[in-house]
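Take a look at the structure set out below.
Number of protein chains: 2
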Amino acid sequence: MQQSIKLSVDAVVFGYESETISVLLIRRKYDPFKGKWAIPGGFVLDSESLEEAVERELKEETGIKINYLEQLYTFGNPERDPRNRVVSVAYFGLIKPSAFKLAASTDAEEAQWFTINKLPELSFDHAEILKLAITRLQAKITYEPIGFELLDTKFPFSDLEKLYAAVLGREIDRRNFRKKMLGLNVLDELDEKVSKGSGRPANLFMFNKNRYFKLKKEGIIFEI
Amino acid sequence: MQQSIKLSVDAVVFGYESETISVLLIRRKYDPFKGKWAIPGGFVLDSESLEEAVERELKEETGIKINYLEQLYTFGNPERDPRNRVVSVAYFGLIKPSAFKLAASTDAEEAQWFTINKLPELSFDHAEILKLAITRLQAKITYEPIGFELLDTKFPFSDLEKLYAAVLGREIDRRNFRKKMLGLNVLDELDEKVSKGSGRPANLFMFNKNRYFKLKKEGIIFEI
DNA sequence: ATATATTAGCGTAAAATATACGCATTGTAT
DNA sequence: ATACAATGCGTATATTTTACGCTAATATAT
């Protein structure tokens, strides 16, 4: 059997800052779609796993160290690349704001954050990939505690609430959200307070991964 | 760039009969794992889409016409095939009992149904693929109306209930299940009855796909 | 200094859903 | 006829979700 299909990986990386969700895009250096915006990615090496390929490409193209990575979908339409047959395994990832600045400063002309409502035209079928990734993020955040991967380690509760509102694109009742989230018993309340601007200073919280895994093992599911 | 990764597809096909869920497996003709049981699948041709590849391979190896097909996950561990680097896009599929008999008679020595609790040893990482497929089926049947793809077009309500009990591996309260399912407004009650053995004859029902799509568009979700 | 705005945090009542069953109905088997 | 088996309907109770009032703590304006 002679097969000339090439295999690539792509990564939709989400970040969260100033109450909006952004996606990391790069400007392509080579044809096809030279100069156009695209999701970071590239070809898989013979010896590496798919995850290794994604992390390598992300580092090469954007300098980012990913915080959460999950396989999204594999795109295999024979026409998706105008030149060769390329099948791409798409991933979606999340990073914390600390890594944020790092990426933006690495090579501002080539890698850039875009608010998910103000996206440029994209190469290949990347618009479709991105759309699927957003849907998945919205669905997933309600039944897996991945939201914390977008926040700093310590965060005021309101940050978490605003994050959920931003991802889901709708208002959230502050009081019910707090009750539900705290009721899941995966947050540790710290003895630290932060005051940003006016208003009552907020207590800081931390996500307790160990307790989450323990509860998960007992069959208790995270659900917002 | 020189890349010598081969791309294959695999399909976990579930069937439902006599109150149990079965999986379709084939006995491998060639090395590696010659003579061992495996999930049907094979290499993707340069010109075909991934879905076309799955359907072609299924037809070639088992004679089955699939009823529902959905991408599951892509397995890319470099060591998953002892000989070459093979990345496989796994699908999971469902078929109705009518196609059932057809498959069993095609080539009984090579394609066979196995109850999901009595599986033989499997080739490659197929045990892992199968495990993931079962988890996905269990999750999906509760929020998408895919269960009907495993039943005949017309079915008594108890068939649906038994199917859910079999897939989820637990008892289901007949009365509450009926209330909930009928409340979703996607079933048409027919003016036909069936009597199998003793007991009161049951009315037949049909899944109404059009109504389901209409409700879905209105944001009403199927959930059991 | 005092009032006012602003964000944090707690609690409670009502509505909607899920769960647990009781029991009549309609057929077949003996 | 009578027993049995499966279908089909209803109701009471528990649980979860939703809506929203109110107090607390701090910054900022007057």
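Those protein sequences? They're chains V and Y, same order as listed. Everything in the first sequence is counted per our numbering, starting at 117 for the first residue and increasing by one. Everything in the second sequence is counted per our numbering, starting at 117 for the first residue and increasing by one. All C-beta atoms, glycine included, are put in the ideal place defined by N, C-alpha and C.
When secondary structure is reduced to three states using DSSP, F338 (chain Y) falls in the coil class, being assigned neither helix nor strand. If you draw a straight line from the Cα of P148 (chain V) to the Cα of F240 (chain V), it is about 9 Å long. Between I211 (chain Y) and V139 (chain Y) a beta carbon distance of about 11 Å is seen, past the 8 Å cut, so the two are scored as non-contacting. Interface with chain Y (9 Å Cβ-Cβ cutoff): Q254 (chain V) is excluded. The beta carbon of S120 (chain Y) sits closer than 7 Å to the beta carbons of R201 from its chain, once the five residues preceding and following it are set aside; these are given in chain order.
The three-state reading of DSSP puts I155 (chain Y) in coil, since its state is none of H, G, I, E or B. The criterion of a C-beta distance shorter than 9 Å is not satisfied by F130 (chain V) and G179 (chain V). Membership of Y132 (chain Y) in any alpha helix (DSSP H) is not indicated; the residue belongs instead to the beta strand (DSSP E) covering 122 to 133. Setting aside the 5 residues that flank it on each side, V205 (chain V) is surrounded in the same chain by V125, L166, T190, each with a C-beta closer than 6 Å to its C-beta; the list follows chain order. The contact set of R201 (chain Y) on chain V, defined by CB atoms closer than 7 Å, consists of D162 in chain order. Here DSSP, grouped into helix, strand and coil, assigns P272 (chain Y) to strand. The beta carbon of V160 (chain V) sits closer than 7 Å to those of L123, S124, V125, L166, A169, all from its chain and outside the five residues before and after it, given in chain order.
The three-state secondary structure of E308 (chain Y), taken from DSSP, is strand. Interface annotation, P261 (chain Y): not in contact with chain V, CB-CB separation never under 9 Å. In this model, S274 (chain V) and G299 (chain V) are separated by some 16 Å (Cα to Cα). Residue state for T136 (chain Y) is assigned as strand, using DSSP reduced to three classes. Residue Y:N301 holds the alpha-carbon nearest to the alpha-carbon of N326 (chain Y) among Y:E339, Y:P156, Y:K312, Y:N301.
When the Cα atoms are used, R143 (chain V) and R199 (chain V) turn out to be separated by approximately 19 Å.
9 Å or more divides the Cβ of L174 (chain V) from the Cβ of Q228 (chain V). Checking the DSSP bridge columns, you'll see A318 (chain Y) partnered with Y:V310. Counting C-beta atoms within 10 angstroms of its own C-beta, Y259 (chain V) has fewer than 16 neighbours from the protein chains shown and is therefore classed as exposed. For the C-beta of Q187 (chain V), the chain Y residues within less than 8 Å are, from N- to C-terminus, Y189, T190.
Nearest to L267 (chain Y) by C-alpha distance, out of Y:V128, Y:Q118, Y:A127, Y:T136, is Y:T136.
Contacts with chain Y at 9 Å (Cβ-Cβ) include V205 (chain V). Between A318 (chain Y) and H242 (chain Y) a beta carbon distance of about 38 Å is seen, past the 8 Å cut, so the two are scored as non-contacting.
Going by beta carbons, L284 (chain Y) and L306 (chain Y) fall outside the 9 Å limit. Residue nearest to E177 (chain V) within the set V:P156, V:P236, V:P272, V:S314 is V:P156 (criterion: CA-CA distance).
No Cβ of chain V is located within less than 9 Å of the beta carbon of L276 (chain Y). Shown here is that no member of the region 282 to 304 of chain V has a Cβ falling below 9 Å from a Cβ of chain Y. With a contact defined as Cβ atoms closer than 8 Å, K152 (chain Y) and E237 (chain Y) qualify at about 7 Å.
Boundaries around L174 (chain Y) are those of the alpha helix (DSSP H), 166 to 178, since no beta strand (DSSP E) includes it. In the three-state reduction of the DSSP assignment, Y207 (chain V) falls in the strand class. Here V310 (chain Y) is exposed, its C-beta having fewer than 16 other C-beta atoms within 10 Å. According to DSSP, residue pairing for Y189 (chain V) in a beta bridge involves V:A206. DSSP places Q254 (chain Y) inside the alpha helix (DSSP H), whose first and last residues are 242 to 256. Residue-level contact by beta carbon holds for K122 (chain V) and chain Y, with a gap shorter than 9 Å.
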